[in-house]
Amino acid sequence: MESILVLTHADESGSALTRQSLEAVTAGKELAARLGASLTIGIVAADGNRVASAVKHAGPRLLAVKGDAFAQARFASDAAACEALCRAAQATIVVAPQSSRFARVMAAVALRISGVIDTHITALAGAETVEATRWFYRQRIEAVVTRTARPWFLLLDSGTHEPYAGEAGDAQVDEVYIAVELPALRTEVTGFRAPKQDEQTIRPDAKLLFVAGAGWTKKQPDGAVHVEEAGRLILDFLRASGASLGSSKSLVDQGGEGQSVLPFLTHMNQVGQTGSTPRHAKGLSTCCHGEEPHVVGWRFIGERRAISLDANCGWTRGKADVVYIADAFQVMAKVNELLKS
Ligand SMILES: Cc1cc2nc3c(=O)[nH]c(=O)nc-3n(C[C@H](O)[C@H](O)[C@H](O)COP(=O)(O)OP(=O)(O)OC[C@H]3O[C@@H](n4cnc5c(N)ncnc54)[C@H](O)[C@@H]3O)c2cc1C
């Protein structure tokens, strides 16, 4: 019979588990119920007691590591913690969030305990055996993976499950703290440097993805470029709507090619084959042609709309639900005016 361990970690405040961790708990619970398997929740945090209440009722068994070394992400301490939790749980299936913190340690943890690992899992199915779904070739081919090797580590992509929201309770995990033998720690985490909130344009939890294409910096019908106006219109819209900002490759590449650029865009915003594949309920593409290598990054966007001057653009050829053949400068100015009022 399978035994499942869900590995979770605290957020930067140290007082709550991350949303992605809670998604992994949901996936682990559902899988355990289907397989009739035992379920253990493992917690990596400085103080498991502070965060355990959120998952106290998720499974019969809670394991945690304890100590200041686990307050922040660092390969040596996180890998040691996860390894200790896996050895203590003796699980055959390990489910964990594909967070930056866990993604960089989990392959090493799997190796240390002679396991195998699959990453970017989007769904778990199967009642007799575990069937894990993931996409290949930049979201063009969907595969269902099964394995006989154990332990099998599965890193879950974010936004694929509802975060676990079971009944909270007073958690006492003292009796289940796992001792971790830490190696020499050569990396000291001195703090975070993050952009100011209003400069933070990538918002994975936003309902809407707003995508800017190269058209914003191209010559417009009056023969001139209007980059400053474009920047103002886009930032005003983001502030008013709370949307996340994506970009086409052409637009973010322009900086390196010495052309006019929107200063708040980086390659981190790029959506597509060589960019990201974000998950949002809706998407609005502006001044973008809708070419296949870009649109493949829209795989997980629920409802797609686009504004382009070109009536023959890729969006009009079946890639968007609604296409406005219009000037995005005019449309977004009007939308911003409406949002303000
Ligand atoms: C191997 C490979 C990988 C790639 N990976 C990616 C990727 O990850 N992401 C990506 O985006 N691309 C990728 N590309 C590039 C992709 O094929 C396109 O070149 C790119 O997406 C085009 O960007 P764009 O639509 O913004 O620019 P353009 O093709 O220049 O289109 C600009 C559009 O703006 C419209 N426009 C101009 N002014 C206005 C206005 N005022 N109002 C409304 N519309 C206006 C124009 O009509 C035009 O349709 C890749 C290509 C290759 C070969």
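The numbering used here puts the first residue of the sequence shown at 799, with every later residue one more than the last. From the three backbone atoms N, C-alpha and C, an ideal C-beta is built for every residue, glycine too.
Residues that DSSP places opposite residue i in a beta bridge
{"i": "A1012", "result": "Bridge partners of A1012: none, in fact."}
{"i": "Y1122", "result": "I1105"}
{"i": "H807", "result": "V842"}
{"i": "W950", "result": "I891 and V914"}
{"i": "L1136", "result": "L1136 is not bridged to any residue."}
{"i": "S801", "result": "S836"}
{"i": "L922", "result": "A930"}
{"i": "L860", "result": "I839"}
{"i": "Y975", "result": "A862"}
Where residue i falls: helix, strand or coil (DSSP)
{"i": "Q1018", "result": "coil"}
{"i": "E929", "result": "strand"}
{"i": "F1062", "result": "coil"}
{"i": "G1070", "result": "coil"}
{"i": "F873", "result": "helix"}
{"i": "V1093", "result": "helix"}
{"i": "D1003", "result": "coil"}
{"i": "I1032", "result": "helix"}
{"i": "K1047", "result": "helix"}
{"i": "L983", "result": "coil"}
{"i": "K1080", "result": "strand"}
{"i": "V1023", "result": "coil"}
{"i": "S836", "result": "strand"}
{"i": "A852", "result": "helix"}
{"i": "T944", "result": "coil"}
{"i": "T1075", "result": "coil"}
{"i": "S898", "result": "helix"}
{"i": "S819", "result": "helix"}
{"i": "A906", "result": "helix"}
{"i": "S1039", "result": "helix"}
{"i": "G812", "result": "coil"}
{"i": "G1100", "result": "strand"}
Cβ-based neighbour list, residue i, same chain, cut-off 7 Å, excluding 5 preceding and 5 following
{"i": "M1130", "result": "L1031, F1035 and T1084"}
{"i": "T1114", "result": "V1121"}
{"i": "R885", "result": "I911"}
{"i": "S898", "result": "none"}
{"i": "A1004", "result": "G1040, A1041, S1042 and H1078"}
{"i": "T1075", "result": "Q937, G1095, R1097 and F1098"}
{"i": "V849", "result": "A808, S813, A814, L815, I841 and A843"}
{"i": "A1109", "result": "I1123"}
{"i": "E1089", "result": "G1112"}
{"i": "D866", "result": "A844"}
Close-in-space but distant-in-sequence residues of the same chain around residue i (CB under 8 Å, 5 per side omitted)
{"i": "A878", "result": "V978, E979, L980 and P981"}
{"i": "P1061", "result": "G1029"}
{"i": "D1119", "result": "E1101, R1102 and R1103"}
{"i": "F900", "result": "L805, H807, D876, C880, A894 and L953"}
{"i": "Q888", "result": "S801"}
{"i": "H1065", "result": "V1050 and G1073"}
Same chain only: Cβ atoms within 6 Å of residue i, ignoring 5 sequence neighbours per side
{"i": "T985", "result": "R872"}
{"i": "G957", "result": "R1077"}
{"i": "L1063", "result": "S1045 and V1050"}
{"i": "W933", "result": "E940"}
{"i": "A1082", "result": "Contrary to the premise, residue 1082 reads as Leu rather than Ala in this sequence. Answer for L1082: F1008 and R1103, listed in chain order."}
{"i": "A1126", "result": "T1084, C1085 and I1105"}
{"i": "P961", "result": "R817, L820 and E821"}
{"i": "Q1071", "result": "R936, P1091 and V1094"}
{"i": "R1001", "result": "S1042"}
{"i": "T890", "result": "E800, S801, R948 and P949"}
{"i": "A1038", "result": "L1137"}
{"i": "V907", "result": "A877, C880 and E881"}
Beta carbon proximity, residue i to chain D, threshold 7 Å
{"i": "A925", "result": "Given the protein chain composition of this structure (a single chain), no chain D is represented."}
Residue i CB to nearest heavy atom of ligand 2 below 6 Å
{"i": "A1126", "result": "Here the bound small molecules are ligand 1; ligand 2 is not part of this structure."}
Inter-stretch contact at 8 Å, needing at least 3 Cβ pairs: the region 838-847 / the region 803-810: yes
Touch test, the region 914-929 against the region 940-954, Cβ-Cβ under 8 Å, three pairs minimum: yes
The region 847-863 / the region 911-921 touching (three or more Cβ pairs under 8 Å): no
Three or more C-beta pairs below 8 Å linking the region 807-827 and the region 886-896: yes
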